[in-house]
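Yeah, the sequence shown ends on 341 if you go by the UniProt record's numbering, and it's all consecutive.
Note that CB positions come from ideal geometry on N, CA and C, so glycine has one too.
Written below as structure tokens is the structure these notes are about.
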Amino acid sequence: MSGLNRSSSAPSKDGLPPQELLDDLCSRFVLNVPKEDQQSFERILFLVEYAHWFYEDNAVENNPSLKSFSFKEFTSLMFNSCDVLKPYVPHIDDIFKDFNTYKFRVPVTGAIILDETFERCVLVKGWKGTSWSFPRGKKSKDEEDHACAVREVLEETGFDISNLLDKNEYLEVKFGDQRVRLFIVSGVKDDTVFAPQTKKEISEIAWQRLADLQPASNEIISRSVTGLKLYMVAPFLGSLKAWISRHQPPKPPNKSLPARGISVWKARNNSGGNSSNNSEMQSAKSIAESHPVESGNARKLQAPKLAADLRQVQTCLSTSFNSFKFDTIPILQAVDRAFSS
């Protein structure tokens, strides 16, 4: 990482971001936050994760010569280049491990979207992986389950389920310490338009036949009858089948539909650091309100919720670093330098 100490604003030959850009990310996402968001490594890594999204969705997109990083690689990059994080570089592997452990304890909510015949459901495929799943995501601090489901489904599919969701109609499964609640949203027309509102997170959206997703099992990762790789789908299928048996679908089975799943949205390019065609991908909400700097787009960053998202770590702190306290003197000094420059 010694090559990071550069003053040039241009990318290096190996694609590493210039120090000027890394300093800006550190100031924007790590220093320029409420003091309570700097009190644990879990909170700090949420900040670094937001910086990673911003870097990938903006810096790399606008300058293809910049290298795209995994979150772990980017975390190492930030810790080695940000003055207030450098003292903790020797512990970065433990810090990263504890953060991932914490993230798998945050409750998740989403929706099982059924068509009018109850024969098909909407699944989404991740940007870089090959797994299909129900649209869902982690809750923000103090966010109600149904509100999180509405937000996550809107972000991942562009479809607003708020007027169709019944708070009492849901399936819930626990995966270790993580609770996953999926609300059943039924009777959705098969010609509904779907398109993600987030960048570089979803690569494809499709109506998949429930019969092809069987059999139900407790496996987090499974395969459908047609060979699709499924993530957190199979454990819900048994309960979903029971729910469907108790409810009458709005329409009878449609024999004219194709025997396989129907893709309703697909990114044109989801490899490397390039973004999808702008006509397919809608910009995420601006983070300008939460950061007093020039505006930009960041995946899953909704400005009014930024502080709340970060403060959700007040519970379930990791044991290895739960006594960590930031030395605020260098932070305040860095802030003073940033605003005086």
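| Query | Result |
| --- | --- |
| Kindly list the residues whose CB is nearer than 6 Å to the CB of LYS266, restricted to its own chain and excluding five residues on each side of it in sequence; keep chain order. | GLU204 |
| Hey, would you say VAL185 sits closer than 7 Å to LEU164, going by beta carbons? | yes |
| Nearest to PHE104 by alpha carbon, out of ARG28, GLU42, CYS26? | GLU42 |
| Does the beta-carbon of LYS167 have 16 or more other beta-carbons within 10 angstroms, so that it is buried, or is it exposed? | exposed |
| In the DSSP output, which residue or residues are listed as bridge partners for LEU123? | ALA206 |
| Flag this pair as touching only if the region 208-219 and the region 133-152 have three or more C-beta atom pairs under 8 Å; answer yes or no. | no |
| Please check the pair THR109 and GLU169, which I expect to be a contact at CB under 8 Å, by giving their CB distance rounded to whole angstroms. | Going by Cβ atoms, the distance from THR109 to GLU169 rounds to 13 Å, so no, they are not a contact pair. |
| Three-state secondary structure (DSSP) at GLN178? | strand |
| Using three-state DSSP, classify PHE74 as helix, strand or coil. | helix |
| Count the other CB atoms, across all protein chains shown, that sit within 10 Å of the CB of LYS251; report buried if there are 16 or more and exposed otherwise. | exposed |
| Considering Cα atoms alone, identify which of GLU172, LYS174, GLN178, ASP145 is closest to SER162. | ASP145 |
| Span of the alpha helix (DSSP H) holding ALA234? | 234-245 |
| Might you give, ordered along the chain, the residues of its own chain that have their beta carbon closer than 6 Å to the beta carbon of ALA51, omitting 5 neighbours on each side? | LEU25, PHE29 |
| Considering just the uninterrupted stretch of the beta strand (DSSP E) at ILE113, what are its terminal residues? | 108-115 |
| On the DSSP bridge list, what partners appear for TRP132? | LYS125, LEU230 |
| On a CA-only basis, which of PHE175, GLN38, LYS200 is nearest GLU61? Give me that one, please. | LYS200 |
| How many angstroms separate the CA atom of GLU20 from the CA atom of PHE46? | 22 Å |
| Please state the DSSP three-state secondary structure of ARG223. | strand |
| Using C-beta distances below 6 Å, list every residue in its chain close to GLY273, excluding the 5 sequence neighbours before and after it, in chain order. | Low confidence applies here, because GLY273 scores a pLDDT of 38, under 50, leaving its location unreliable; read the following figure in that light. Around GLY273: VAL60, SER68. |
| Classify ARG181 as buried or exposed, calling it buried when 16 or more other Cβ atoms lie within 10 Å of its own Cβ. | buried |
| Inspect the beta-carbon positions of GLY129 and LEU66 and report whether they are closer than 7 Å. | no |
| Give me the residue from PRO235, ILE112, GLU156 with the minimum Cα distance to ILE202. | GLU156 |
| Cβ of LYS138 less than 7 Å from any chain B Cβ? | The structure shown contains no chain B; it is built from a single protein chain. |
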